[in-house]
Amino acid sequence: MKKIVAEVMSLSNKSLYPRIYCVSDDGQEDQAVSLTLCDTVWELNGEPIRELERIAKNALEGRYVPDDINLPDFSINDKFIWIRPPFAVVGQVCISNENVPELSVDTGAPQSFTMSQFKVVADLASSFLAEITHQGRERLVGCKFEVDFPER
3 MKKIVAEVMS LSNKSLYPRI YCVSDDGQED QAVSLTLCDT VWELNGEPIR
53 ELERIAKNAL EGRYVPDDIN LPDFSINDKF IWIRPPFAVV GQVCISNENV
103 PELSVDTGAP QSFTMSQFKV VADLASSFLA EITHQGRERL VGCKFEVDFP
153 ER
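Basically our numbering = 1-based index in the sequence shown + 2.
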C-alpha cells in the first residue's frame, strides 16, 4: 500500500524544508501523487483548503456554479484543481501541475483523486503543520509522519 509521508528535511544549505510526499509499495517516491495532490494540499494549508472543501461540498450537493466554466475551480502556484466535469468525476478532485509537462493540462495527464484520498493528505498536512508550530522545524528533522494512502 502506498504511504503519504511528512517530514522536515535538512537541505545542503542548512535550510529546513517541510515536505509531504507519496511513497509507492516499492519504496520509491510516486511523483504523480507527490507533485499534484501532496504539493497542492501543503500549499493550500489554512484558509484556502477550507474554501476548496466548501466548494467541493457545494458541488456534491449540486449547489456549486463556477464563475467561468472554462477555468479550473481553484488554483494555487500553477496547480489547477477541478471538482466538476469534464476533468473531475463527481466525488473526485482532479489536479494538474503546470510546471511538470507530464502532469499538465496541455501536454500531460492531470491526476484524479477521491475525496477520501484528498482528506487523508489534508489531515496529515494539518497535523504536521501543528507539530511544526508546536515543536519547531529543528526538532522534527529526521522524524517521519506516515499514513496509509487509500487505493480509492
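Glycine included, every Cβ here is placed at the ideal spot set by N, Cα and C. Just so it is clear, the structure is predicted and the values come from calculations on it, not from any experiment.
(request) Could you have a look at Ser36 and say whether DSSP puts it in helix, strand or coil? (result) helix
(request) Assign Arg65 to one of three DSSP states: helix, strand, or coil. (result) Arg65: coil per DSSP, three-state reduction.
(request) Note down, in chain order, each residue of its chain lying with its Cβ closer than 7 angstroms to the Cβ of Asp70, except the 5 sequence neighbours on either side. (result) none
(request) Check each candidate in Asp150, Ala34 and Glu133 and name the one with the smallest Cα separation from Leu105. (result) Ala34
(request) Excluding the 5 residues preceding and the 5 following Pro68 in the sequence, name in chain order all residues of the same chain whose CB lies nearer than 8 angstroms to its CB. (result) Asp75 and Arg86
(message) Once DSSP output is grouped into helix, strand and coil, what is the label at Trp125?
(response) Sequence inspection shows Asp at residue 125; the Trp mentioned does not correspond to that position. Three-state result, Asp125: helix.
(message) So, under 8 angstroms CB-CB, Ile6 and Glu148 are touching, yes? Tell me the CB distance rounded to an integer number of Å.
(response) 7 angstroms
(request) Measuring alpha carbon to alpha carbon, tell me which of Ala61, Arg65 and Gln113 ends up nearest Lys81. (result) Gln113
(message) In the DSSP assignment, the alpha helix (DSSP H) including Thr42 goes from what residue to what residue?
(response) Asp41 to Leu46
(request) Could you say which of Asn101, Ile22, Met11 and Arg65 lies nearest to Phe120 if we only look at CA atoms? (result) Ile22
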